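J.:
Chains as they are written, first to last, in the numbering used here: chain A, 1392 to 1734; chain B, 1392 to 1734.
1. So the candidates are 1692(B), 1694(B), 1722(B), 1672(B); which of them puts its Cα closest to the Cα of residue 1735(A)?
2. What residues in its chain sit with their C-beta under 6 Å from that of residue 1553(B), if we drop five residues either side in the sequence?
3. At the level of alpha carbons, what is the spacing between residue 1578(B) and residue 1425(A)?
4. From 1422(A), 1558(A), 1550(A), pick the residue whose C-alpha is nearest to that of residue 1572(A); which is it?
5. For a contact meaning CB atoms closer than 9 Å, what does residue 1677(B) contact in chain A?
6. Would you list, in sequence order, the uninterrupted alpha helix (DSSP H) runs of no fewer than 4 residues that lie entirely inside the stretch 1573-1618 of chain A?
7. Compute every distance between the C-beta of residue 1533(A) and the non-hydrogen atoms of the ligand MN, then say whether any falls below 6 Å.
8. If residue 1688(A) sits next to residue 1489(A), beta carbons under 8 Å apart, how far is it from one beta carbon to the other, in whole angstroms?
9. Taking a Cβ distance cut-off of 8 Å, strictly less, list which residues of the stretch 1465-1492 of chain A are near chain B, in chain order.
10. Against chain B, with Cβ distances strictly below 7 Å, would residue 1626(A) count as a contact?
11. Name the one or two DSSP bridge partners that residue 1656(B) has.
12. With a 10 Å radius around its C-beta and 16 neighbouring C-beta atoms as the bar for buried, classify residue 1576(B) as buried or exposed.
13. For chain A, find out if any of its Cβ atoms is closer than 7 Å to the Cβ of residue 1454(B); answer yes or no.
14. Just checking my contact of residue 1707(A) with residue 1594(A) at CB under 8 Å: how many whole Å lie between their CB atoms?
15. Would you check if the stretch 1507-1519 of chain B and the stretch 1413-1427 of chain B touch, i.e. whether three or more CB-CB distances between them fall below 8 Å?
16. For residue 1670(A), tell me which candidate among 1669(B), 1668(B), 1663(B) has the shortest Cα-Cα distance.
17. Count the other CB atoms, across all protein chains shown, that sit within 10 Å of the CB of residue 1398(A); report buried if there are 16 or more and exposed otherwise.
18. At the level of alpha carbons, what is the spacing between residue 1471(B) and residue 1465(B)?
19. Identify each residue in the stretch 1632-1659 of chain B for which the Cβ-Cβ distance to at least one residue of chain A is less than 8 Å, and report them in chain order.
20. Please return the same chain residues whose Cβ sits closer than 6 Å to the Cβ of residue 1524(B), not counting the five positions on each side in sequence.
21. Do you know how far the Cα of residue 1645(A) is from the Cα of residue 1674(A)?
22. In terms of residues, what are the limits of the alpha helix (DSSP H) holding residue 1642(A)?
23. Mind reading off the beta-carbon distance from residue 1405(A) to residue 1715(A)? Whole number of angstroms is fine, and I expect it under 8 Å.
24. Residues in the same chain with beta-carbon distance under 7 Å from residue 1686(A), minus the five sequence neighbours each way, listed in chain order, please.
25. Going by DSSP in three states, residue 1671(A) sits in which element: helix, strand or coil?
26. Consider the Cβ of residue 1673(B): report whether some Cβ of chain A lies at a distance smaller than 7 Å.
27. In the DSSP assignment, what residue or residues form a beta bridge with residue 1661(A)?
28. Taking the alpha helix (DSSP H) that residue 1500(A) falls in, what are its first and last residues?
29. CB residue 1556(A) to CB residue 1583(A), shorter than 7 Å?
30. Tell me where the alpha helix (DSSP H) around residue 1723(A) begins and ends.
31. Could you check the C-alpha separation between residue 1431(A) and residue 1543(A) for me, to the nearest Å?
32. Within a Cβ cutoff of 7 Å, which residues of the same chain sit near residue 1560(B), ignoring the five residues on either side of it in sequence?
33. Starting from the N-terminal side, write out each stretch of the beta strand (DSSP E) that is 3 residues or longer and does not extend beyond the stretch 1433-1476 of chain A.
34. For a minimum of 3 consecutive residues, which ranges assigned as the beta strand (DSSP E) are wholly contained in the stretch 1509-1533 of chain A?
35. Runs of 3 residues minimum, wholly inside the stretch 1686-1713 of chain A: which ones carry the beta strand (DSSP E) assignment?
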């Protein structure tokens, strides 16, 4: 089969690799219907950290189950399944508590135990603990939105949930990538009265509004903070979603939070120093992390199938898998919000 | 009148100072019935930060209202009142949201606007927003427990509330000072099934058990973490109360938290680096800060008056105000958990 391999910084290729085979009784092999490129894939693509050896990549995909091991019970060949971005056993204490990204048997994609998602097929272990099947094979028009449940929509939801968004809240979303935009959608769906998207890219501003943003702030840094404070009579936001992961975005997130608010963070932290003094003085909490998308999948899938949410709009580019290198370039250069790949 | 003045490191004295006078229509003058020394008073006492000029000190007291300004409505001369450790106006958005320590008109004790608490009288502004009166002047036996509502019991409660303790939880309390002990009491009162006190001082262990601790762990650092993990089948605690404020205590707090748990922190941070990578990977949140004791006062006061809680047991030393210097020494040398001062 063909699958994406990251060779070194800025060198990603679709290559022939061995066909997947079942290794254990809990395994499944999924024929990928659609996959995509994640903002977090761009870190190794840019050499942060440096790529030491060629590696398979990709952790967001949907597809049709081809084969299952003898002990798999919840999915069967022919099922359309959504794969959260981490493989989890579904039975450990952390999985049972709804924090599958901390599974004691957690497996990453693109390793020797699970194939990378940006390929034609993916073999993975713990199929029962990981995959979620739709009730029937969905219409192709629903594929983009279902694909977002692998990561970006589940992650935006996690940001909002971690920030404890509640009906009537004023919510600020820092970051206008696919996750930030899904965070806007999540906050609106949770009943926030005012959703402020901090975005300076016009197409993203437009999508933020479609997703429920009531206000757009294009300034950054101190000017961005001042704009939020002006919007909120100097008080700040009831909840803040930090969807970038840099030091600047985290600083802004704390700066715009009102006393007693929580910053929900889901951007992989890079160079972030947590302002513990600010947190203490103003009782601003910090919660979040790697989203347990598996926990949110059943409810969000129901919302997508019912037409309640349409997070698939974050895909502004669809490419054949063969053009994966162009997909990475487009996201790296911010020409695309998010690229979907179809084998 | 006489009041306590911190001159420089390790030099604290009871001195004659000018009698207080009402300055504004919202002021009150309280005759102190009992005050106490706080763990946070020990930081400047030890010269962290260095004392630049002699300053009045103390922020926990109860007393009888002597005089009020013309606009004070909720307390009157003769009332027994409890003073939270921060003066707050009670009307700003942060006060109304229950985060009075972030009041936009916040005033500290021992400043030119409010006298220090370790004195014979205290004048303060915003009496209506700050003081809470008991229904009647309480029996003297209740004074210690009511005095803890100024700070340590309200702060222990805030640690537990910030950590989102819920019935049935396994809770770890890091720190066996008065606040940590009150945190044990708070967690037990909130219905925690297992309350683990990390304490290596025998008298404090004993009090922790009286307050509801089910387990005591005397080890620190990695050994302490391992002991908690052994107690919890390797899973960790559902909620962690960090009641010290040092780098080591914060590290331990995160180390013993299970995935998805929250560390509630109330120790003033000194040299703390927040382990953002751990937080992200295991979804361990951090919340807390300067406790809005004013918000908790009515309910905790009712609990004390009803005999439901007896946090006053943290006072293992009662000294006349004239011996304030000995009180500081006793707490600094850890000969006393907490010292009450009676004028």
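The C-beta atom is built at its ideal place from N, Cα and C for all residues, glycine as well.
Since the structure is predicted, the reported quantities are computational estimates derived from the model, not experimental observations.
T.: The answer reads as follows:
1. Nothing about residue 1735(A) can be read from this structure; chain A reaches only from 1392 to 1734.
2. 1655, 1678, 1679
3. One alpha carbon belongs to residue 1578(B), the other to residue 1425(A), and they sit about 48 Å apart.
4. It is 1550(A) whose Cα lies nearest to the Cα of residue 1572(A).
5. 1665, 1667, 1670, 1676, 1677, 1678
6. 1593-1601
7. The ligand MN is not part of the structure shown, which contains no ligands of any sort.
8. At roughly 11 Å, the Cβ-Cβ gap does not stay under 8 Å, so residue 1688(A) and residue 1489(A) are not in contact.
9. 1484, 1485, 1488, 1489, 1490, 1492
10. yes
11. 1633(B), 1679(B)
12. buried
13. no
14. 7 Å
15. yes
16. 1663(B)
17. exposed
18. 12 Å
19. 1649, 1650, 1651, 1653, 1656, 1659
20. 1466, 1470, 1472
21. Approximately 10 Å between the Cα atoms of the pair.
22. 1638-1646
23. About 5 Å; that satisfies the 8 Å criterion.
24. 1489, 1491
25. Shown here, residue 1671(A) sits in a helix according to DSSP, grouped into three states.
26. For residue 1673(B), the nearest beta carbon of chain A is closer than 7 Å to its own beta carbon.
27. 1637(A)
28. No alpha helix (DSSP H) contains residue 1500(A), which DSSP labels as neither H nor E.
29. yes
30. In the DSSP annotation of this structure, the continuous segment of the alpha helix (DSSP H) that includes residue 1723(A) starts and ends at 1715-1723.
31. 11 Å
32. 1583, 1584, 1629, 1630
33. 1452-1459, 1471-1474
34. List check, beta strand (DSSP E) in window: 1512-1515.
35. DSSP runs (the beta strand (DSSP E)) wholly in the stretch 1686-1713 of chain A: 1708-1711.
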